[in-house]
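In UniProt numbering, the protein residues as written are 1 to 144.
As structure tokens, the structure follows; a few thoughts come after it.
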Amino acid sequence: MPNLASLVTGAELTATRPQTPSQAFYKKYATAVTAKNLSGGDIPQFYADNALSHNQNGQLFAQFEKLSNDFVKIWETQNDDGTVGLVSHVFRYIWAAGNESDKPTVNVPLSMVCKISSNNARGTVDGLQFKEVWLYWNTYKLLP
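Written out as structure tokens, the structure is:
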């Protein structure tokens, strides 16, 4: 049975160093997502080759110019199989493809549930990768 390992607020994660390797990995992921133009593809070094993505359209990034996240809370669990579970509540700011302004097209609350596992393959970040990701958010705001 999973055990709660930590709970941090977005303010704590931003103001201090992450408390665990998985939190550090997740913060690096969020920073990379914010820094990259996403309309050309994904951010593969964070995802295992066989990672499963559960969301409305099966795409993680390709439809966006860029993203930014304001973290609200992050829960971390230790799973019996050695993986780590993270549940994050964020406000996601989304720039639609073609929006190169400083103002996001829309912002939505989002929950990301993910399973992180060890992977020491070349190119991974801190020896960790997303193994499975679920996104829960209202995509209605993204409709033209």
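The C-beta atom is built at its ideal place from N, Cα and C for all residues, glycine as well.
Below 8 Å CB to CB, which residues in the same chain sit around residue i once its five sequence neighbours on both sides are set aside?
{"i": "residue 19", "result": "6, 8"}
{"i": "residue 79", "result": "2, 85, 115"}
{"i": "residue 48", "result": "117, 119, 129, 130, 131"}
Near residue i, what residues of its chain come up, given a Cβ to Cβ distance below 6 Å and the 5 sequence neighbours on each side ignored?
{"i": "residue 128", "result": "25, 116"}
{"i": "residue 30", "result": "69"}
{"i": "residue 54", "result": "134"}
Could you please give me the residues that DSSP links to residue i through a beta bridge?
{"i": "residue 9", "result": "73"}
{"i": "residue 109", "result": "91"}
{"i": "residue 67", "result": "94"}
{"i": "residue 3", "result": "78"}
{"i": "residue 101", "result": "Its beta-bridge partners do not exist; DSSP assigns none."}
{"i": "residue 115", "result": "85, 132"}
Here's the rule I'm using: 16 or more other beta-carbon atoms within 10 Å means buried, otherwise exposed. How should residue i be labelled?
{"i": "residue 52", "result": "exposed"}
{"i": "residue 92", "result": "buried"}
{"i": "residue 100", "result": "exposed"}
{"i": "residue 141", "result": "exposed"}
{"i": "residue 103", "result": "exposed"}
{"i": "residue 67", "result": "buried"}
For residue i, collect the residues of the same chain with a Cβ closer than 7 Å to its Cβ; drop the 5 residues on either side in sequence, then sort them by chain order.
{"i": "residue 118", "result": "127, 128"}
Between the stretch 95–108 and the stretch 9–18, do three or more beta carbon pairs fall short of 8 Å?
Note that the stretch 95–108 does not touch the stretch 9–18; fewer than 3 beta-carbon pairs, one per stretch, sit closer than 8 Å.
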